[in-house]
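Residues 32 to 689 (our numbering) make up the first sequence, in order.
Right, one structure below, let's go through it.
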Amino acid sequence: MKRYTLRSDPRRAETQFRIAYADELNPQQLAAATTLDGPVLVIAGAGSGKTRTLVYRVARLVEAGVPAGTILLLTFTRKAAQEMLRRATALVGGDCAQVAGGTFHSFAHLTLRRHGQGVGLSRDFTILDRGDSEDVINLLRGELGLDRKERRFPRKQAVASLFSMAVNCQTPLAELVADAYPHLEEHLDALSALHARYVEFKSSRQLVDYDDLLVKLHAALADEGLAERLGQRYRYVMVDEYQDTNRLQAEIVRRLAHAHDNVMVVGDDAQSIYAFRGAEIRNIMEFPQLFPGTRIITLDQNYRSTQPILDLANTVINRAPQQYTKNLFTTRGPGERPALIQARDEPEQSHFVAQRILELREEGVPLSEIAVLFRSSFHSFDLEIALSRRDIPFVKRGGFRFVEAAHVKDVLAHLRVVVNPDDTVSWHRILLLLEGIGPKSSQEILGRIRGNARPWDVLAASPGRGKSAAEVQRLARVLAEVAAAERPGEQIGRILTYYEPVLRRVHPEDYPKRERDLEQFATIAERYRSTTSLLADMALEPPTDSIAGVLAGDGDDEGVVTLSTVHSAKGLEWHTVFVLWVADGRFPSTYGARDDDDIEEERRLMYVAVTRAKDLLYLTYPIEAYDRGLGLVIAKTSRFLEDIDEDVLEPVALVDEA
DNA sequence: ACAAATACTATTTTT
DNA sequence: TAGTATTTGT
32 MKRYTLRSDP
42 RRAETQFRIA
52 YADELNPQQL
62 AAATTLDGPV
72 LVIAGAGSGK
82 TRTLVYRVAR
92 LVEAGVPAGT
102 ILLLTFTRKA
112 AQEMLRRATA
122 LVGGDCAQVA
132 GGTFHSFAHL
142 TLRRHGQGVG
152 LSRDFTILDR
162 GDSEDVINLL
172 RGELGLDRKE
182 RRFPRKQAVA
192 SLFSMAVNCQ
202 TPLAELVADA
212 YPHLEEHLDA
222 LSALHARYVE
232 FKSSRQLVDY
242 DDLLVKLHAA
252 LADEGLAERL
262 GQRYRYVMVD
272 EYQDTNRLQA
282 EIVRRLAHAH
292 DNVMVVGDDA
302 QSIYAFRGAE
312 IRNIMEFPQL
322 FPGTRIITLD
332 QNYRSTQPIL
342 DLANTVINRA
352 PQQYTKNLFT
362 TRGPGERPAL
372 IQARDEPEQS
382 HFVAQRILEL
392 REEGVPLSEI
402 AVLFRSSFHS
412 FDLEIALSRR
422 DIPFVKRGGF
432 RFVEAAHVKD
442 VLAHLRVVVN
452 PDDTVSWHRI
462 LLLLEGIGPK
472 SSQEILGRIR
482 GNARPWDVLA
492 ASPGRGKSAA
502 EVQRLARVLA
512 EVAAAERPGE
522 QIGRILTYYE
532 PVLRRVHPED
542 YPKRERDLEQ
552 FATIAERYRS
562 TTSLLADMAL
572 EPPTDSIAGV
582 LAGDGDDEGV
592 VTLSTVHSAK
602 GLEWHTVFVL
612 WVADGRFPST
622 YGARDDDDIE
632 EERRLMYVAV
642 TRAKDLLYLT
652 YPIEAYDRGL
662 GLVIAKTSRF
672 LEDIDEDVLE
682 PVALVDEA
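Next up, the structure:
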């Protein structure tokens, strides 16, 4: 077996490296970037140059002679991976692009396309996004007759998240229901039956949901031959945002790195905000036990924020009952105190933010350096209207996404049945669009075409009777054309020609808007060479902008304001940050939050929000808020910001200017 | 089979 | 409030 000898001894001549690592990094960062072999845990506080460190480490590995193709960089979003590799390439040039990088899910996807046969996957398996999974569950619920229960059966979203949680926490369904969802106990038998059917349905049709990607990769790695081969292929593994991995992901990392132990994980226990989908803070704390001999490096110098902003951040996080592993300090000078702004009502809050953004622009802050963050996507609705009225351009991240729109899903479904004729959910979806076909006829047709490699030929030959026959035949003809087409762009073109009349019939009131979305989608599709990768990307890395997209601004090059959920803002930074609705009940959101752990996650979320700001930070909330049911209520300051010394957080009352 | 009207309920964050 | 399940009418 080939071994690379790498020296991390600092006394060794640094002259063999083109980059002066010691000059460009602080001592902790340097240690992290130049410790190449063995397990390393980096605890990296907010704004501590984590990305910079990872970039320099990739550069260092490459400079030390490690082939870029043997480095695996797992990040939270693919964008993050691309950004790091771009910067590493700028440093050492050459082929850092060869580094394998992406999310756990995209890595699992690629690996399973190549090596999934051992766990029963063909090369053409289809990825179900969350909405698809819910559709399947809905379909099967009807099939099992569970919709006619005397007691209300939980709705499809609830069922889907239950199933998902069971996988991500590696807990049997029965146990999970007993512990976390006692109110569903009466449905346990039905849920178990549904779950079994769901699993069987997917595996018999080459359908794979998000969780299956991880489960199947994990299972594939149980094969020691494959684990060994992948260990050889990826000799240096790096994982970013490790605090947000779940048990399954941690186990995957362990199996991947087993052969060589060259694994670095980077994370911040104070920024763990994905427990709701099964993330385990314990992963980061227990990493040293999983990999004996782990070197632990802490990055606690903050380069991002001014001292006053950091003071507030530390105040927020230090009130947590559980103490975190570090305290941030900064070398950046003084600055303005963060302000807590009390508005009378939501319109006034929006007015303040919009007004202040205009002032900042006058003062020379580019719009691209301004962000408005919020706990939940809908918190920004009112502000969006206010910004539009003033012609302030913005993009919104998080919330309802492009590919979740019904019309985009419809078009994708046509493409999917061509790639995977077993994809019953997509068949069902496109058949229901035809006039004269309901669930009954759809089931009948599905029964006839099941298992056929070219079902559209079957449909063309025997389209059934009545007025739906012509419709079915038209569909069959289009699918045959699409199957024969070469490139994704051409395929989408053919589907759109067929689908647009359908769209007009189904959505007579707002089809123009939807047609514009589809044009945009066609443009995206043009960029792809293979249909499989287009479909995979739409499921795993969909365009991040919300459906509303960019509102037409003046088109100048100073950029646009970012509106984002705190979750989607992870890892990013701006000169000025506004946080909306810092009122108890909204942030922290007390909807599903029952126990203390949930509240602590909300606290970390607030910490993530405030540490996004470099220079200016405004926290706002309206006193008067409408609550469904209750009507007008008086809002209280978020409990995370209550009773904070005025030296740290400046209370501001808005003066009526009318 | 389907469309329209009505009743109801749970209400976040994302790969 | 909106998205969904159910009921009723064609």
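Cβ coordinates follow ideal geometry from the N, Cα and C atoms, glycine included.
Per DSSP, W605 is one residue of the beta strand (DSSP E) stretching across W605 to V610. Pairing Y649 with W612 gives a Cβ-Cβ distance that is not under 8 Å.
When C-beta atoms of the region 449 to 466 are compared with those of the region 474 to 487, three or more pairs fall below 8 Å, so the two segments count as touching.
Three or more Cβ pairs closer than 8 Å define a contact, and the region 542 to 560 meets that threshold against the region 513 to 522.
Taken in chain order, the whole alpha helix (DSSP H) runs of length 4 or more contained in the region 55 to 138 are 58 to 65, 81 to 94 and 109 to 123.
Restricted to the region 508 to 548, the alpha helix (DSSP H) segments that are unbroken, complete and at least 4 residues in length are 519 to 537, listed in chain order.
Taking C-alpha positions only, H606 is separated from P397 by approximately 9 Å. Taking all protein chains in view, the Cβ of E231 is surrounded by fewer than 16 other Cβ atoms within 10 Å, so the residue is classified as exposed.
Comparing alpha carbon positions, the residue from A491, A131 and A306 closest to D627 is A306. Sixteen is the threshold: since fewer than 16 other Cβ atoms of the shown chains lie within 10 Å of the Cβ of N358, the residue is exposed.
In terms of Cα proximity to G364, the closest of Q354, L341 and F383 is L341. Straight-line measurement puts the Cα of M637 at about 14 Å from the Cα of I675. Around the C-beta of Y265, 16 or more other C-beta atoms lie within 10 Å, and the residue is accordingly described as buried. According to the DSSP secondary-structure assignment, N333 is paired through a beta bridge with T361. With respect to the C-alpha of N57, the residue from L72, R83 and E435 having the closest C-alpha is R83.
As the crow flies, the alpha-carbon of R144 is around 53 Å from that of Q373. With contacts defined by Cβ atoms closer than 8 Å, I328 and V97 do not form a contacting pair. Around the Cβ of I416, a 10 Å sphere holds fewer than 16 other Cβ atoms; the residue is exposed.
By the Cβ criterion, the region 256 to 264 is not in contact with the region 292 to 302, since fewer than three pairs of Cβ atoms, one from each stretch, lie closer than 8 Å. In the same chain as A444, and ignoring 5 residues on each side of it, the C-beta atoms closer than 7 Å to its own belong to S457, R460 and I461, in chain order.
For A224, the closest alpha carbon among the candidates A139, A251 and L175 is that of L175.
Shown here for G132: same chain residues with a beta carbon closer than 8 Å to its own, the five before and five after excluded, namely L103, L104, L105, T106, R109, A112, Q113, M115 and L116 in chain order.
Around the beta-carbon of T65, 16 or more other beta-carbon atoms lie within 10 Å, marking it buried. In terms of CA proximity to R547, F433 leads the group F433, A514 and V597.
Every unbroken stretch of the beta strand (DSSP E) spanning 3 or more residues and falling wholly within the region 265 to 334 is given here in chain order: 267 to 270, 294 to 298 and 326 to 330.
Taking the C-beta atoms as reference points, L418 is found nearer than 8 Å to A385. Going by beta carbons, L446 and I526 fall inside the 8 Å limit.
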